[in-house]
Structure formats: structure tokens, C-alpha cells
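J.:
Protein chains in written order, with this note's numbering: chain W, 1429 to 1684; chain H, 28 to 280.
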């Protein structure tokens, strides 16, 4: 019975999913109008049809492009500001609180002003995604620098390292794990920003697909959009995990 | 070295407003980029008629109602999932799925189901709080030191009473930090929901500013959001340190 015990969670999970899909099918057939809750098969047909017509892939491509470049810009900017904030106590005391404030400003609230300033091209969307990633990565990088153990700094100085050497050989490696964690949670926030931007102003992408389907009351389309967005989000984090864990000089920093 | 430690945030605020003013001056048109003085004037006009407080109050109310319902339900599910492997296996697929789907993506769905109603907004905040709390409570329960449970067992506290007297209190710091996370995400969701369908609230104020080409309103909205989340976050932390030092996360160090 020991072996069956280890596979038991999978059986329970499978039973749970089957029950859920069955309940969904029953509810949509007998209880809830189809415009509110379409039948699971209808949703599946919709997904297949969209995949065949290419609409799904065009939307995914547009969204992934935005998220990726926005995120990359945000990470680069965030690491730089984070290092500055963490290293220079005086700057941190003055600028740090501004970042605490910015963290609370939802990316979606910036969409209208970005549209006003930069129009409805790709640039404002990238800016919004980069903005929230920047804030998240900055905060975690600065925390990492601040929490470098004092023992390490003293040891480095005892061994006669110069200020610059301490920065490269002690502070950067000690901070790396915080940066990696910040980058990972930045992915989640980048997707939130992506949907926010695509809901309000865009011509293609998954967010647009979801919003558009609401106008036309195409609920299966909406569900396909939401599910692909979820899969894309968790897929991105999975890819990030695989990459950072596979590269040897990065994986040793994934302790947090 | 100048000693700035204590007054840092004040200098920060001065710097922030100064940069804002300089930026606005260099752009030159308040119709594109209003400076802090213009925004303050606009805020004063809104505050005088009480309109501002109506919007801010509506946002806060939505946040508080959704959180107040979502937190206990989410924490209960999370504790149950942490304690029972079968329950965990049963609910885990949905928690994973929901966790990778941002609540903002569900706004059109909520509006479809519940219409443009107060209930739709409550349900979105509820969803966010429920999910975050389920995850953090589960993590808290599974990370209770094994030694502590063993010790309780030795002292005769077993089974269900060990669950309530040892495991739940031990997971409290995780639950509290979950509430903090949920508050931050909750603000984002409320605003998004208000921007996509509401007749009041700070998110509506921002959309109104966009429709009327009045960036002052947008800036009032953005600024209020930052202030509200900062105050809620700091206030919550302060309450823990002051009234429940036992559960303070800082004690971990």
C-alpha cells in the first residue's frame, strides 16, 4: 500500500478535475444560460477553430512580444536603480519612500495618461509593463543589497579588497538571488500590466480578444482568451525557472 | 555626512514634488502634464464639494467588503489544504490555475455574469483575497516546524486541538503577510474594475479624466491610489507591531 499512497494525490486531483468538468457541463446544459456559461465542448471547439484560423496565435504573439520586451526593459532599469538604492544609504533614505509609493500605483491607472502622452502605439504599452517590472525589481534588488551579511563585508575588507572589488565580488553575488526572485515576481506583474494596457487600448493581443468578446457576447471566446492568458503566465514562469535552474552560474543563486 | 536618516521621507517627498513641478513646467501645457499645484487646485475643487470623498470612499468600501469576506474563507481553505493531503490534492489544480490567471483578466467575465453591479466588484476583490490567503495560509501551515508539533503531541495536545492550538497560530505570520499582499493586489483589481465599469470610485475618476481630456482628474486618481495603498500597508504593519508584536514578521530575524 505504500506505493499507492504516493500516487494517491494524483488520483484525487484527477477525480477532482473530472468532477469539475462534469459539473460545468451539467450546469451549462440544465442550469445556466449558454451566454453566461457555455458548454465545455463549445469552448474547446472555439479554441480549435481559433487555432486553425491563426487568430489565437497572432494574439499570443502580440502579447508575448509586449510582455517580453517590457519586462526586459523593466528588469535592466530595476537592477540599476535597486543597486544604487541599496548601496547608497543617503539616496535610499530619500528615494526609497518614493518607490514604496509607486508600488501602490496600479499599472492600469497609468494607461489613460500614457495614451494621452504617447498615443495608442506599442510604446505606451511597453512603458506600462516596464514601469511595474522596474518598481518590483528595484524594491527586491535594494532589499538584497541591504541584507548582504555584515560578516561578508567585513571579511572582504579584512582580505584587503578595494571598494570596487567588494561590490563585484561580494555585493553582486550576494544580491543575485534577490534579483532573481524579483525578476520572477516581475513576470506576474508584467502580465497584469499587459492585460491592463490591452483592455483599454489596443488592436490585437489576448487582452483585446477578451474585451472584444465581451462586446459581442462571445463567451466561449472570452474563456479561451482567459485560459490562454493563464497558461501563458504560468508557462513564462516555468520557462524562467527552467532557464535559471539549468544555467549553472545562475542556479546557485536560486536559494530563496 | 549629513544625517538624513529620520527626515529622509520628507526630503523624498520634496524632491518628488519638485521634480514633478519642473517636469510639468518644461512640458508647459497643463492640458498634457499638470504640475502638482494644478493638481492640488483640482483636488481642492473636488474635495470642497465632497465629490472626492465619495469616490475615494466607494473605492475603499469595495476593497474592505471584498477583503473582509475573502480573507476568512481563503485562510480557512488554505489551512485545510495545508493540513489534509487529500483536500490539497482536490483543490490544488484550481488554486494553481487561478493563481496564474490575474484577477484583472476576469473582470469582463464578472461583468458578464453579474452585470455592472456592486456585487461584480466585490466578487473580484473577494476572488483576489481568497486566492492569496489560500496560498499563504497553506504555505504557513505546511511550514510549521515539525519539532513544535511533536512537542505539543508530547504534552498531550493531539489531533484537532493541536491543529487549532499549534498549527494555526504558527502559521499566523504567513497569513498576515498574505493579507498585506492581498491588500496591494486588491487595490489594483478594484481600480481596474472601476475603470471598466462603474459610476463612482477612483478608477472612474481616472476614466472620467480621460473622457473629458482633463489630466488633472487622472493625476488625482493616480496619486490617491499611491497614497491609499501606502497608508493601508504602513497602517497594517504598524498595527501588527503595536498590537500584535507576537506575530510580527520582523521577529524572524
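Idealized CB from N, CA, C, for every residue including glycine.
1. Is it the case that the Cβ atoms of residue 1526 of chain W and residue 1538 of chain W are separated by a distance below 8 Å?
2. So for residue 238 of chain H, helix, strand or coil by DSSP?
3. I'd like the list of long-range same chain contacts for residue 1434 of chain W, defined as Cβ closer than 7 Å, with 5 residues on each side in sequence excluded.
4. In chain order, which alpha helix (DSSP H) runs of at least 4 residues are fully inside the stretch 1602-1668 of chain W?
5. What does residue 42 of chain H touch in chain W if you count any residue whose Cβ is under 9 Å from its own?
6. Under the rule that 16 or more other beta-carbon atoms within 10 Å means buried, what is residue 1577 of chain W, buried or exposed?
7. Which residues, taken in chain order from the stretch 210-229 of chain H, show a beta carbon closer than 9 Å to some beta carbon of chain W?
8. List the whole-angstrom C-beta distance separating residue 1499 of chain W from residue 1671 of chain W, where the pair is believed to meet the contact cut-off of C-beta under 8 Å.
9. Using the Cβ count rule (16 or more neighbours within 10 Å means buried), how would you classify residue 1439 of chain W?
10. Please go through the same chain and pick out, in chain order, the residues whose beta-carbon is closer than 6 Å to the beta-carbon of residue 1431 of chain W, but skip the five residues on each side of it.
11. Is there a C-beta anywhere in chain H that falls below 8 Å from the one on residue 1590 of chain W?
12. Please report how far the alpha carbon of residue 243 of chain H lies from the alpha carbon of residue 90 of chain H, in whole angstroms.
13. How many angstroms separate the CA atom of residue 60 of chain H from the CA atom of residue 54 of chain H?
14. So, helix, strand or coil for residue 48 of chain H, using DSSP?
15. Taking just the CA atoms, how far does residue 1621 of chain W sit from residue 1600 of chain W?
16. On a CA-only basis, which of H:120, H:42, H:110, H:72 is nearest residue 1519 of chain W? Give me that one, please.
17. With DSSP collapsed to three states, give me the class of residue 29 of chain H.
18. Please report the distance separating the alpha-carbon of residue 1644 of chain W from that of residue 1665 of chain W.
19. Please return the same chain residues whose Cβ sits closer than 8 Å to the Cβ of residue 239 of chain H, not counting the five positions on each side in sequence.
20. Output yes if chain H places a C-beta closer than 8 Å to the C-beta of residue 1451 of chain W; else output no.
21. From which residue to which residue does the alpha helix (DSSP H) around residue 78 of chain H run?
22. Residues in its own chain within less than 6 Å of residue 1484 of chain W by CB, not counting five upstream and five downstream?
23. How would you write the range of the alpha helix (DSSP H) that residue 1676 of chain W sits in, first residue to last?
24. According to DSSP, is residue 34 of chain H part of a helix, a strand, or is it coil?
25. List, in chain order, every chain H residue whose beta-carbon is nearer than 7 Å to that of residue 1619 of chain W.
26. What residues in the stretch 122-148 of chain H bring their beta carbon closer than 9 Å to a beta carbon of chain W?
27. If you measure from the beta carbon of residue 1491 of chain W to each beta carbon in chain H, is any gap under 8 Å?
28. Is residue 115 of chain H helix, strand or coil by DSSP?
29. With distances taken Cα to Cα, identify the nearest neighbour of residue 1465 of chain W among W:1656, W:1648, W:1676.
30. Would DSSP call residue 1547 of chain W helix, strand or coil?
31. Can you tell which of H:220, H:259, H:196, H:110 has its C-alpha closest to the C-alpha of residue 136 of chain H?
32. Counting contacts by CB-CB distance shorter than 8 Å, is residue 1684 of chain W in contact with chain H?
33. In chain order, what residues of the same chain have a beta carbon less than 8 Å from the beta carbon of residue 81 of chain H, not counting five sequence neighbours either side?
34. Give the C-beta separation of residue 1566 of chain W and residue 1658 of chain W to the nearest angstrom, bearing in mind that I take them to be a contact with Cβ-Cβ under 8 Å.
35. Quick test of the definition: if touching needs 3 or more C-beta pairs under 8 Å, does the stretch 149-161 of chain H touch the stretch 197-207 of chain H?
36. Going straight from the alpha carbon of residue 1677 of chain W to that of residue 1563 of chain W, what length do you get?
T.: Taking the geometry as given:
1. No, they are not a contact pair.
2. The three-state secondary structure of residue 238 of chain H, taken from DSSP, is helix.
3. Counting only Cβ-Cβ distances below 7 Å, and skipping sequence neighbours, we find nothing.
4. Listed in chain order, they are 1634-1643.
5. Near residue 42 of chain H (Cβ distances below 9 Å), the residues of chain W are 1522, 1523, 1526.
6. The C-beta of residue 1577 of chain W has fewer than 16 other C-beta atoms within 10 Å across all chains shown, which makes the residue exposed.
7. Of all residues in the stretch 210-229 of chain H, only 211, 212, 214, 215, 216, 217, 218, 219, 222, 223, 229 place a beta-carbon less than 9 Å from a beta-carbon of chain W.
8. With a Cβ gap of about 13 Å, residue 1499 of chain W and residue 1671 of chain W do not count as contacting.
9. Of the residues assessed, residue 1439 of chain W falls on the exposed side of the cut-off, its CB having fewer than 16 other CB atoms within 10 angstroms.
10. Residue placement at residue 1431 of chain W is poorly supported in this model, since its pLDDT is 47, which falls under 50; the coordinates are not used for a value here.
11. Not an interface residue.
12. The alpha-carbon separation between residue 243 of chain H and residue 90 of chain H amounts to approximately 24 Å.
13. Those two C-alpha atoms are separated by around 7 Å.
14. Three-state result, residue 48 of chain H: helix.
15. In a straight line, the C-alpha of residue 1600 of chain W is about 29 Å away from that of residue 1621 of chain W.
16. The shortest CA-to-CA distance from residue 1519 of chain W to any of H:120, H:42, H:110, H:72 is the one to H:42.
17. Residue confidence for residue 29 of chain H is low, a pLDDT of 49 falling below 50, so the modelled location carries little weight; the figure read from the coordinates is stated next. Note: residue 29 of chain H maps to coil in three-state DSSP.
18. For residue 1644 of chain W and residue 1665 of chain W, the distance between alpha carbons rounds to 32 Å.
19. Nothing listed; no residue qualifies.
20. So, not an interface residue.
21. Counting along the chain, the alpha helix (DSSP H) containing residue 78 of chain H begins and ends at 78-110.
22. Counting only Cβ-Cβ distances below 6 Å, and skipping sequence neighbours, we find 1478.
23. First-last of the alpha helix (DSSP H) with residue 1676 of chain W: 1676-1679.
24. Note: residue 34 of chain H maps to coil in three-state DSSP.
25. The answer, in chain order, is 129.
26. Of all residues in the stretch 122-148 of chain H, those with a C-beta nearer than 9 Å to a C-beta of chain W are 123, 124, 125, 126, 127, 128, 129, 130, 131, 132, 133, 134, 135, 136, 138, 139, 140, reading in chain order.
27. Not closer than 8 Å to any Cβ of chain H, the Cβ of residue 1491 of chain W fails to qualify, so no.
28. DSSP places residue 115 of chain H in helix when its eight states are reduced to three.
29. For the residues W:1656, W:1648, W:1676, the minimum Cα distance to residue 1465 of chain W belongs to W:1648.
30. If DSSP states are grouped into helix, strand and coil, residue 1547 of chain W belongs with coil.
31. Minimum Cα distance to residue 136 of chain H is reached at H:220.
32. Since pLDDT at residue 1684 of chain W reaches only 49, below the 50 mark, its modelled position is unreliable, and the value read off the structure follows with that caveat. Residue 1684 of chain W does not count as touching chain H.
33. Same-chain partners within the cutoff: 227.
34. At roughly 27 Å, the Cβ-Cβ gap does not stay under 8 Å, so residue 1566 of chain W and residue 1658 of chain W are not in contact.
35. In the pairwise beta carbon analysis, the stretch 149-161 of chain H is classified as touching the stretch 197-207 of chain H: at least three pairs are separated by under 8 Å.
36. Going from the Cα of residue 1677 of chain W to the Cα of residue 1563 of chain W covers about 26 Å.
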